[in-house]
Every structure is written in structure tokens, then in C-alpha cells.
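Heads up, the thing below is written out as C-alpha cells.
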Amino acid sequence: MDLTYDLNVKGTWHWCKHAVLSMRRHGKTKGSVINLSSVVGLVGSATAQLACTRSKGAIIAMTRELAIVRAREGFRFTALCSGPLGTPHMQDYLGPDVKRRARREIHLPQGRFGKPIEQAAAALFLASDASSFVNAQQFVVDGGLSKV
Numbered sequence: 021m022d023l024t025y026d027l028n029v030k031g032t033w034h035w036c037k038h039a040v041l042s043m044r045r046h047g048k049t050k051g052s053v054i055n056l057s058s059v060v061g062l063v064g065s066a067t068a069q070l071a072c073t074r075s076k077g078a079i080i081a082m083t084r085e086l087a088i089v090r091a092r093e094g095f096r097f098t099a100l101c102s103g104p105l106g107t108p109h110m111q112d113y114l115g116p117d118v119k120r121r122a123r124r125e126i127h128l129p130q131g132r133f134g135k136p137i138e139q140a141a142a143a144l145f146l147a148s149d150a151s152s153f154v155n156a157q158q159f160v161v162d163g164g165l166s167k168v
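Using the working numbering, read the sequence shown as starting at 21 and increasing by one per residue.
Quick look at the structure:
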């Protein structure tokens, strides 16, 4: 549990700290910091993964705090909260068993895992000026899973 916390939460803290320092050093008067979290940090998990759930919830809380503290400097912070993604890691976890995959997908409102490119598109929006008034938010891209 401590290793997961150290990697996810402390790693995110150092990312945020150095992102702000770098933007200041380069004379930036505005900027967007996007932290990676998960819907389990918002609603918990139906499977045993307390270490991950705890750390993702902490990232969301830290993101909100940093967003408020740094808002007047022009820096925005958001937590990108993904649902289950069809990454190579997930494919390895599921293995070749089609039934195992179907048991997971049946619980997903759109009947499929999210695609990494869908998360990338959300991050691109959050990094752009099109989201200039989005701050201190959990930007959820989960195909509706967190609302079920």
C-alpha cells in the first residue's frame, strides 16, 4: 500500500511542484497541470484494490487544493479520471479468455473499455485554451461508468 501511495501521490506531488517551478522559470503567466487519477478515486471500486483507490482519491483532493492555491497565478489544475482502458496491460490481465473479458465489459455502460486515444483527446482539451475556465475539477472520461 505504501509503495502505491508513494508512486501515485508523491510522484504526482513532485510533478505538480516541478511543473509550476518550470512554468515560473520560463515566465509563464498561465498554464495547465493535468494529473492522472481514476474514477475509483471518486466512487470506489467493486474489486479489491484499496491501495489504488486510496491513492487516486488523494490525487483528486491534492489537485483541488493546488488549483485553488495557484489560481491567481494563472495556473490551472485538473484531475483526469479515467475508467477502465483497453491498454496492453489490461489485455495481458484479461488474457485470451473471451468470457473473462465479457464478464468485465457487461458492467460498462458502453459495453467496451475506453481507448487510450480518448483519454489523450481529453488531456489535449484540458491543456488547451479552450478549457481556460476549467479549474479544480475532476474531468471524468469513463463512458458513464461512474454514474451507474
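The beta-carbon is built from N, C-alpha and C at its ideal position, and this holds for glycine as well.
With a 10 Å radius around the Cβ and a threshold of 16 neighbouring Cβ atoms, Arg96 comes out buried.
Ser52 sits away from Ala99, with the two beta carbons spaced by 8 Å or more. Rounded to the nearest whole angstrom, the C-alpha separation of Thr67 and Thr73 is 10 Å. Of the candidates Ser152, Glu93, Val160 and Pro136, Glu93 places its Cα closest to the Cα of Arg44. Every unbroken stretch of the beta strand (DSSP E) spanning 3 or more residues and falling wholly within the region 44–74 is given here in chain order: 51–58. With a cutoff of 8 Å on beta-carbon distance, Gly61 and Gly77 are scored as near each other. Under DSSP, Gly164 takes part in no beta bridge, so it has no partner. Taking a cut-off of 8 Å for Cβ pairs, the region 156–165 and the region 137–144 touch, as three or more such pairs fall below it. Cβ neighbours of Ser166 within its own chain (closer than 8 Å, five residues either side excluded): Val59, Leu62, Val63, Cys101, Gly103 and Val160. DSSP, reduced to helix, strand and coil, places Ser102 within a strand of the structure shown. Arg132 and Gly115 have their C-alpha atoms roughly 16 Å apart. Rounded to the nearest angstrom, the Cβ distance from Val40 to Arg84 is 15 Å, too far for a contact under 8 Å.
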